[in-house]
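K.L.:
Input: one structure, supplied below.
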Amino acid sequence: MSALPATTRDWLTGPGLTRLWKGVRQRLESNGVQATGSLRLTAVNAQERNDLSLLLGKPLTSTTVTVQLDILDARLRASAAALGLRQTLEELGPPLTDRRAARADLAARREQVWTSLTSSLDASPLANQEWPRQWYDLLRRAGVPKGVPPETAIQTLQQAVHVLTTLLGPERNGALGRGELAAMATGSAHGLDDGTWLARLVQRGVALAHDTEFPDDAAGRRALWRLVSVTPDEVSSTVLTYGLRPEGEGWQERGLRERADHHAEAHLTPRDLHTLRLQLPAGTLIHICENPRVVEAAADAACAQPLVCTSGSAATVVFTLLDALATTGCRFTYHGDFDWPGIALANRVIRRYEALSWRMGAADYEHLAARSQAEGIPQLALDGPPVSADWDPDLAPAMTALGVALHEEATLDLLVADLSRQA
1 MSALPATTRD WLTGPGLTRL WKGVRQRLES NGVQATGSLR LTAVNAQERN
51 DLSLLLGKPL TSTTVTVQLD ILDARLRASA AALGLRQTLE ELGPPLTDRR
101 AARADLAARR EQVWTSLTSS LDASPLANQE WPRQWYDLLR RAGVPKGVPP
151 ETAIQTLQQA VHVLTTLLGP ERNGALGRGE LAAMATGSAH GLDDGTWLAR
201 LVQRGVALAH DTEFPDDAAG RRALWRLVSV TPDEVSSTVL TYGLRPEGEG
251 WQERGLRERA DHHAEAHLTP RDLHTLRLQL PAGTLIHICE NPRVVEAAAD
301 AACAQPLVCT SGSAATVVFT LLDALATTGC RFTYHGDFDW PGIALANRVI
351 RRYEALSWRM GAADYEHLAA RSQAEGIPQL ALDGPPVSAD WDPDLAPAMT
401 ALGVALHEEA TLDLLVADLS RQA
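Residues 1 to 423 (this note's numbering) make up the sequence shown, in order.
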């Protein structure tokens, strides 16, 4: 129930006083909710001037009015409203927010984040080591990620200290899985997944403790985990291959050659790539495709040429394999989808390995587009901003002109024919 009489409330909420209440609310919320200072209203119209004259108890004739808030507070208390300025505003609208106090409270809570971290480090077995001070200073300069409340930040930093104590403290022994370590610290096996703030905090500490650079790629971050005997997930992501025949008599090398002999594809995990000796004859040409259907078709046709598939996005494990092949002197040729994401991925691979393009020129695109149209295949519209092809400056204009996206399946027969040729 309103503390204001109905007739008084109706008058106070009229259009003639709307700007006044809005301005006064903003002023009080910014000055500690105190009825001090003044508010200046400009371009005051006739109705506003009339209502302000009645409210303030004095005639106003100018189009600019200055309202002293302490006088307004006194006028309201002595009027039919019988309430002070703050109470009146809260009757007419939502409760006032003391923004000054809120800012001070937030600043105090943010400072508590670092006070809490200092206490956690001082109380931990890490206190006598040198790197925690560097770690603290680094984190303090970086600050808490945007959107993370101070309470969550405190909890996450405490978890980071706990994990680092487990990994770098005096009682550390034995290897741990990353998921197991995460569950111990956070209750979730995904608490230390790559890209999480907690994972970055811990990895920063590990890098400082071992005086090594913080890695900027997933492979480097996995290596950092292994540095402290933590096994990251190295089995769920795979790279699809076909026809790889590495030299060597290890069971992995023999297994790949046997699968190649039987024209069978092979999925390799990061764990495989740690121990697999990928020594191929120097100059071996490796074909790279974007879509698994190309590998399937190559296997069905018993193709002779080795093939690696990016599976549409080139995950880290794909580049780990290609990097290893590149170090043995392999050469690469790449084919992908004729759409803008496909061109972007092709640029990435071709730049990294100085690869050749494989049926990816403007003439190839135009031929496929014409063939697809002649065969009555429905046309897929090309969508998104154009991407220039590093290997052929005419390709992007040709694609833009026709406006048709062509996936690798449209050229499958030609790719299989290339892969069927003997080296």
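Using N, Cα and C, we set each Cβ at its ideal position, and we do this for glycine too. Just so it is clear, the structure is predicted and the values come from calculations on it, not from any experiment.
1. In its own chain, which residues sit with a C-beta less than 7 angstroms from the C-beta of A80, not counting the 5 before and 5 after it?
2. With a 10 Å radius around its C-beta and 16 neighbouring C-beta atoms as the bar for buried, classify G195 as buried or exposed.
3. With three or more beta-carbon pairs closer than 8 angstroms as the criterion, would you say the stretch 165 to 178 touches the stretch 112 to 131?
4. What whole-angstrom Cβ distance do V294 and L415 have, given they're in contact under 8 angstroms?
5. In angstroms with no decimal places, state the Cα-to-Cα distance between A175 and P149.
6. Could you check if P94 is buried or exposed, using at least 16 other CB atoms within 10 Å of its CB as the buried criterion?
7. Looking at the structure shown, is Q155 part of a helix, part of a strand, or coil, going by DSSP?
8. State the beta-bridge partners of A309 as determined by DSSP.
9. Is it right to say Q373 is buried, meaning 16 or more other beta carbons lie within 10 angstroms of its own, or is it exposed?
10. Between which two residues does the beta strand (DSSP E) carrying E265 extend?
11. Across the stretch 329 to 345 and the stretch 260 to 269, are there enough close Cβ pairs to call them in contact, namely three or more that are closer than 8 angstroms?
12. Using only alpha-carbon positions, find the residue among K22, R245 and Q158 that is nearest to L307.
13. Rounding to the nearest angstrom, what Cα-Cα distance links L370 and E234 in this structure?
14. Indicate the three-state DSSP secondary structure (helix, strand or coil) for G195 in the structure shown.
15. Taking one C-beta from the stretch 108 to 121 and one from the stretch 142 to 157 each time, how about it: are there three or more such pairs within less than 8 angstroms?
16. Can V404 and Q379 be called in contact, C-beta distance under 8 angstroms?
17. Under the assumption that S420 contacts C303 (Cβ atoms under 8 angstroms), give the Cβ distance between them as a whole number of angstroms.
18. Residues in its own chain within less than 6 angstroms of A104 by CB, not counting five upstream and five downstream?
19. Would the stretch 361 to 370 and the stretch 382 to 401 be scored as touching if the rule is three or more Cβ pairs under 8 angstroms?
20. So the alpha helix (DSSP H) S38 belongs to, where does it begin and stop?
21. Report the partner residues of L338 according to the DSSP bridge assignment.
22. What do you get for L117, buried or exposed, if any count of 16 or more other CB atoms within 10 angstroms of its CB means buried?
23. Hey, could you find the ends of the alpha helix (DSSP H) T118 is sitting in?
24. Going by other Cβ atoms of all chains shown within 10 Å of its Cβ, with 16 needed for buried, is N45 buried or exposed?
25. With C-beta atoms as the reference, is T328 less than 8 angstroms away from L273?
26. By how many angstroms is the C-alpha of S38 removed from the C-alpha of L56?
27. Classify Q26 as helix, strand or coil using the three-state DSSP reduction.
28. Which residue from R257, S2 and A182 puts its Cα closest to that of T231?
29. Near L76, which residues of its chain fall below 7 angstroms by C-beta distance, leaving aside the five closest residues on each side in sequence?
30. Compute the beta-carbon to beta-carbon distance between L435 and C309, rounded to the nearest angstrom, for a pair I have assumed lies under 8 angstroms.
P.N.:
If we stick to the structure as given:
1. The sequence position of residue 80 within the sequence shown is 80, counting from 1. Answer for A80: P5 and T8, listed in chain order.
2. Position 195 of the sequence shown, counting from 1, holds the residue named residue 195. Exposed, since its Cβ has fewer than 16 Cβ neighbours within 10 Å.
3. Contact holds: three or more Cβ-Cβ distances are below 8 angstroms.
4. The residue labelled residue 294 in the question sits at position 294 within the sequence shown. The residue labelled residue 415 in the question sits at position 415 within the sequence shown. About 6 angstroms separates the two Cβ atoms, so the contact holds.
5. Walking along the sequence shown from the start, residue 175 turns up at place 175. Walking along the sequence shown from the start, residue 149 turns up at place 149. Straight-line Cα distance between these residues: approximately 33 angstroms.
6. Start at 1 with the first residue of the sequence shown, and residue 94 comes out as number 94. Burial call: exposed.
7. One-based indexing of the sequence shown puts residue 155 at position 155. Of the three classes helix, strand and coil, the one that applies to Q155 here is helix, per DSSP.
8. To locate residue 309, count along the sequence shown from 1; it is residue 309. Looking at the sequence provided, one finds Cys at residue 309 rather than Ala. For C309, which the question treats as bridged, DSSP gives the partners L240 and C289.
9. Counting from one through the sequence shown, the residue named residue 373 turns up at place 373. Residue burial annotation: Q373 is exposed, with fewer than 16 other C-beta atoms found within 10 angstroms of its C-beta.
10. The count along the sequence shown starts at 1 and reaches residue 265 at position 265. If you look at E265, you'll find it in the beta strand (DSSP E) that goes E265 to L268.
11. no
12. Indexing the sequence shown from 1 puts residue 307 at position 307. Nearest C-alpha to L307 among K22, R245 and Q158: R245.
13. Here residue 370 corresponds to residue number 370 of the sequence shown, with the count starting at 1. Here residue 234 corresponds to residue number 234 of the sequence shown, with the count starting at 1. Residue identity differs from the one stated: residue 370 is Ala in this sequence, not Leu. Using only the alpha carbons, I get a separation of about 44 angstroms.
14. Here residue 195 corresponds to residue number 195 of the sequence shown, with the count starting at 1. Looking at G195 - three-state DSSP - the assignment turns out to be coil, as it is neither helix nor strand.
15. yes
16. Along the sequence shown, read from residue 1 onward, the residue named residue 404 stands at position 404. Along the sequence shown, read from residue 1 onward, the residue named residue 379 stands at position 379. In this structure, Q379 lies closer than 8 angstroms to V404 by Cβ.
17. Looking up residue 420 in the sequence shown gives position 420. Looking up residue 303 in the sequence shown gives position 303. 5 angstroms between Cβ atoms; contact.
18. On the sequence shown, position 104 is the one that residue 104 refers to. Nothing meets the Cβ criterion.
19. With a cut-off of 8 angstroms, the stretch 382 to 401 and the stretch 361 to 370 count as touching, because enough Cβ pairs lie within range.
20. Taking the sequence shown and counting its residues from 1, the one referred to as residue 38 is at position 38. Unbroken run through S38 is the beta strand (DSSP E), S38 to L41; no alpha helix (DSSP H).
21. Translated into positions along the sequence shown, residue 338 becomes position 338. Leu is not the amino acid found at residue 338; the sequence shown has Phe there. In DSSP, F338 forms a bridge with L406.
22. Within the sequence shown, numbered from 1, the residue matching residue 117 stands at position 117. Label assigned to L117: buried.
23. Reading the sequence shown from its first residue, position 118 is the one you call residue 118. Its alpha helix (DSSP H) spans residues R99 to D122.
24. In the sequence shown, residue 45 corresponds to position 45, counting from 1. Exposed.
25. Working through the sequence shown from its first residue, we reach residue 328 at position 328. Working through the sequence shown from its first residue, we reach residue 273 at position 273. No; because the gap between Cβ atoms is not below 8 angstroms, this pair is not in contact.
26. Working through the sequence shown from its first residue, we reach residue 56 at position 56. Working through the sequence shown from its first residue, we reach residue 38 at position 38. Taking the straight line joining both Cα atoms gives about 13 angstroms.
27. As a working note, residue 26 is residue 26 in the sequence shown. In the structure shown, Q26 adopts helical secondary structure according to DSSP, grouped into three states.
28. As a first step, residue 231 must be located in the sequence shown, where it is residue number 231. Among R257, S2 and A182, the Cα nearest to that of T231 belongs to A182.
29. In the sequence shown, the residue the question calls residue 76 occupies position 76. The answer, listed in chain order, is L83, G84, L85 and T88.
30. Because the chain in this structure spans residues 1 to 423, residue 435 falls outside the shown range and cannot be described.
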